[in-house]
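Structure first, then comments.
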Amino acid sequence: VNCDEFVELVTAFLDDTLDPETEARFVDHLALCDGCERYLDQFRTTISELGRLPPETLSPATRDALLSAFHDWHTT
Amino acid sequence: MAEGSIWEAFEHAAHYGLDNLTAIVDVNRLGQTTETMLGWDLDTYAARARAFGWHAITLDGHDLDAVEAAYAEAEATRGRPTVLFAKTLKGKGVKAVEDKPGKHGKPLDDPEDAIAELGGARELTVAVRKPDPAAAAAPGPVPGKTRMPTWEVGEEVATRRAYGEALTALGDLRPDVVALDGEVSNSTNSELFAKAHPDRYFEMYIAEQQTPTAWTSPENSALNLEIRQVITAVLDELPARQRAVLSLRDVTDRTADEVCEMLQISAANQRVLLHRARAVVRERLADYLMEEKEAKT
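First to last, the protein sequences are chains A and G. Per the numbering used here, the first sequence starts with residue 4, numbered consecutively. Per the numbering used here, the second sequence starts with residue 235, numbered consecutively.
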């Protein structure tokens, strides 16, 4: 795993969906690369910051609009 | 405990009688290179804390019953904060590193053995009670109070006088504005605020390390409000599908499976959308994240 690949795998890693071999290589790279360690750290912080947004960020109207965006996408 | 700012904090917490505050000191005795000054001398730590006005408890940090009893004692203590001095062994349970100096921050030579020694890999999820978002929301402006002070061009006013008046007006406008001063409020004119809002004015005395530490409340600091604004702006700019996945996963805390089900998309697709969206938010927050990191270290 190099840095470019690492960056692409972060979400899969956090969702625990990497296969054991890829995960092992991901963790190996993490141990060696300060830059990627920082990247993962920032990713985690980003996620926790998103989690602190007040719930009204997603009003029912917005939610419906978002869901319909997907609906349109599937039907086109 | 070797840092001076710790003792400023101890003094302030006792001065304000913060009985809802419990501090836990993990006394593992080892620094990065050598043993700490007091080592495992829990009694001396406790005597110092008591001299600062705290209720102090010493215990074996590996004895869970003792930890629980200490928490109960801390909760029952009124009028002053409580500190637990817990004696622990650093790296307990892994013989290769347990209670050994020179192991701080270093990878284990044999992590597999260590995991086996600790009883093998385990899955443990602890569900914690999340704060009520309604209770955490910042209160709105005070109705009827909508004016900030103004001065005519050419009018002479001391900067500190203008500061004190503007700060006080801000306090009138918003019930969540607090002011701290380092024992110079009659110079800075923050005494105007203290008079108008005594319950929201905090005298920090000349504890100059504690003053900035006390004002950076994690939830509502200016930095955090700014981060929130940045995130909200980025959310609006994201393509609709990325925004939907990101909002559902990270803002409203749905699982990947729930989101796939709601949006009728594959797991791989969900992950790609989520990842793209997070990467954009991270990039936009990068400057703030650096700042926060520096503030912490």
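The C-beta atom is built at its ideal place from N, Cα and C for all residues, glycine as well.
Beta-carbon proximity list for residue i, same chain, < 6 Å, skipping 5 on both sides
{"i": "G/Arg-475", "result": "Leu-507"}
{"i": "A/Gln-45", "result": "none"}
{"i": "G/Glu-425", "result": "Ser-419"}
{"i": "A/Phe-9", "result": "His-32, Cys-39"}
{"i": "G/Ala-257", "result": "Val-317"}
Environment of residue i [buried if 16+ CB atoms lie within 10 Å]
{"i": "G/Glu-442", "result": "exposed"}
{"i": "A/Val-1", "result": "This structure does not reach residue 1 of chain A, given that chain A is present from 4 up to 79, and the question cannot be answered."}
{"i": "G/Trp-385", "result": "exposed"}
{"i": "G/Ser-217", "result": "For residue 217 of chain G there is no data in the structure shown, the boundaries of chain G being 235 and 531."}
{"i": "G/His-509", "result": "buried"}
{"i": "G/Val-360", "result": "exposed"}
{"i": "G/His-246", "result": "buried"}
{"i": "G/Lys-530", "result": "For G/Lys-530, the predicted model reports a pLDDT of 44, less than 50, meaning its position is unreliable; a value from the coordinates is still stated below. By the 10 Å Cβ count, G/Lys-530 comes out exposed."}
{"i": "G/Thr-489", "result": "exposed"}
{"i": "G/Asp-347", "result": "exposed"}
{"i": "G/Pro-315", "result": "buried"}
{"i": "G/Ile-440", "result": "exposed"}
{"i": "G/Ala-306", "result": "exposed"}
{"i": "G/Leu-358", "result": "exposed"}
{"i": "A/Leu-43", "result": "buried"}
{"i": "G/Leu-459", "result": "exposed"}
{"i": "G/Leu-298", "result": "exposed"}
{"i": "G/Val-514", "result": "buried"}
{"i": "G/Glu-242", "result": "buried"}
{"i": "G/Val-468", "result": "buried"}
Under the three-state DSSP convention, the category residue i falls into
{"i": "G/Leu-272", "result": "coil"}
{"i": "G/Ala-236", "result": "coil"}
{"i": "G/Lys-321", "result": "strand"}
{"i": "G/Leu-264", "result": "strand"}
{"i": "G/Ala-331", "result": "This sequence places Val at residue 331 of chain G; Ala is not what is there. Of the three classes helix, strand and coil, the one that applies to G/Val-331 here is coil, per DSSP."}
{"i": "G/Asp-277", "result": "helix"}
{"i": "G/Asp-487", "result": "coil"}
{"i": "G/Thr-256", "result": "strand"}
{"i": "G/Leu-358", "result": "coil"}
{"i": "G/Ala-392", "result": "coil"}
{"i": "G/Tyr-435", "result": "strand"}
{"i": "G/Asp-415", "result": "strand"}
{"i": "A/Ser-51", "result": "helix"}
{"i": "G/Ala-441", "result": "coil"}
{"i": "G/Leu-352", "result": "coil"}
{"i": "G/Ile-499", "result": "coil"}
{"i": "G/Asp-521", "result": "helix"}
{"i": "G/Lys-530", "result": "Because the pLDDT of G/Lys-530 is 44, which lies under 50, any placement of that residue in the model is unreliable, and the number read from its coordinates should be weighed accordingly. In this structure, G/Lys-530 counts as helix in the three-state DSSP scheme."}
{"i": "G/Lys-340", "result": "coil"}
{"i": "A/Glu-20", "result": "A small correction: the amino acid at residue 20 of chain A is Thr; Glu does not occupy that position in the sequence shown. A/Thr-20 falls in the coil class under three-state DSSP."}
is_contact[residue i, chain G] using C-beta, thresh 7 Å
{"i": "A/Glu-26", "result": "no"}
{"i": "A/Glu-40", "result": "no"}
{"i": "A/Glu-52", "result": "yes"}
{"i": "A/Phe-46", "result": "yes"}
{"i": "A/Asp-18", "result": "yes"}
{"i": "A/Leu-56", "result": "yes"}
Neighbourhood of residue i by C-beta distance below 8 Å, restricted to the same chain and skipping five residues each side
{"i": "A/Leu-21", "result": "Leu-12, Ala-15, Phe-29"}
{"i": "G/Val-259", "result": "Met-235, Tyr-279, Val-317, Leu-318, Phe-319, Ala-320"}
{"i": "G/Thr-268", "result": "Pro-335"}
{"i": "G/Ser-239", "result": "Gln-443, Gln-444, Thr-447"}
{"i": "G/Ser-500", "result": "Cys-494"}
{"i": "G/Ala-330", "result": "Leu-342, Asp-343, Asp-344, Asp-347, Ala-348"}
{"i": "G/Met-438", "result": "His-246, Leu-414, Asp-415, Gly-416, Glu-417, Gln-444, Thr-445, Ala-448"}
{"i": "G/Val-391", "result": "Trp-385"}
{"i": "G/Pro-383", "result": "Ala-396, Glu-399, Ala-400, Ala-403"}
Minimum Cβ-Cβ distance from residue i to chain A less than 7 Å
{"i": "G/Asp-484", "result": "yes"}
{"i": "G/His-338", "result": "no"}
{"i": "G/Leu-508", "result": "yes"}
{"i": "G/Val-515", "result": "yes"}
{"i": "G/Arg-512", "result": "yes"}
{"i": "G/Arg-505", "result": "yes"}
{"i": "G/Ala-350", "result": "no"}
{"i": "G/Ala-490", "result": "yes"}
{"i": "G/Ile-461", "result": "yes"}
{"i": "G/Leu-519", "result": "yes"}
Beta-carbon contacts of residue i that lie in its chain and below 7 Å, excluding the five residues immediately before and after
{"i": "G/Arg-395", "result": "Asn-423"}
{"i": "G/Thr-322", "result": "Asp-260, Val-261, Asn-262, Gly-295, His-296"}
{"i": "G/Val-493", "result": "Val-479, Leu-482, Arg-483, Gln-504"}
{"i": "G/Lys-324", "result": "Asn-262, Leu-264, Asp-333"}
{"i": "G/Leu-276", "result": "Val-261, Thr-292, Phe-319, Lys-321"}
{"i": "G/Gly-251", "result": "Gly-313, Arg-314"}
{"i": "G/Trp-274", "result": "Val-261, Arg-263, Lys-321"}
Closer than 8 Å at the beta carbon, the chain C residues around residue i
{"i": "G/Asp-487", "result": "The displayed structure is made up of protein chains A and G, and chain C is not among them."}
Any non-hydrogen atom of the ligand ADP closer than 6 Å to residue i Cβ
{"i": "G/Glu-351", "result": "In terms of ligand content, the structure shown is empty, and the ligand ADP therefore cannot be addressed."}
Checklist entry - Which residue spans inside the region 284-316 of chain G form an unbroken beta strand (DSSP E) run of at least 3? => result 289-294
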